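The structure under discussion appears below in the form of structure tokens.
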Amino acid sequence: MKKLWLFWWIANTFWAVIFAVGIAFVWLREVDGAGITQTLEAKLASFIVLMIAFIFPVIIQVVWLIANLVINRNKKLKSQQV
Numbered sequence: 001m002k003k004l005w006l007f008w009w010i011a012n013t014f015w016a017v018i019f020a021v022g023i024a025f026v027w028l029r030e031v032d033g034a035g036i037t038q039t040l041e042a043k044l045a046s047f048i049v050l051m052i053a054f055i056f057p058v059i060i061q062v063v064w065l066i067a068n069l070v071i072n073r074n075k076k077l078k079s080q081q082v
């Protein structure tokens with residue numbers, strides 16, 4: 001049980017760090033790869049694209065959280081019956 005939670009927290013930390021680095025990269029750059037100066041509107045568009053890209057990992061993490069909670073609950077119920 002503890003291994004599942006440990007792996008879940010490690011994965012969450014990994015995705016949070018990657019997301020924070022991506023946001024910092026988008027916010028702090030003055031010129032993008034095409035040589036276009038980044039305006040506030042362009043940065044906001046980049047944030048939206050970055051958030052859309054991170055929807056899939058968030059969904060996976062939520063499903064994994066629910067699975068961990070169900071597994072933890074089932075183990076507690078089994079231990080109470082014995």
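Take the sequence shown: its letters are residues 1 to 82, numbered as in UniProt numbering.
Here a beta-carbon is modelled for each residue, glycine too, at the ideal position from N, C-alpha and C.
Remember, it's a predicted structure, so these values are computed and weren't measured experimentally.
How far does the alpha helix (DSSP H) with residue i in it reach, from first residue to last?
i	result
Glu41	40 to 53
Val17	2 to 28
So residue i packs on residue j, CB below 8 Å; how close in whole Å?
i	j	result
Trp15	Gln61	7 Å
Ile23	Phe47	7 Å
Asn68	Leu4	5 Å
Trp8	Leu65	7 Å
For residue i, which residues of its own chain have a beta-carbon under 7 Å away from its beta-carbon, when the five flanking residues on both sides are left out?
i	result
Gln38	Arg29, Glu30, Val31, Asp32
- Message: Whether or not the segment 24 to 34 and the segment 58 to 75 are in contact is what I'm after, with contact meaning three or more pairs of Cβ atoms, one per stretch, closer than 8 Å; do they touch?
- Response: These segments do not touch.
- Item | Validate contact between the segment 49 to 66 and the segment 4 to 22 using beta carbons, cut 8 Å, 3 pairs | Look at the beta carbons and you see the segment 49 to 66 touching the segment 4 to 22: at least three pairs across the two are nearer than 8 Å.
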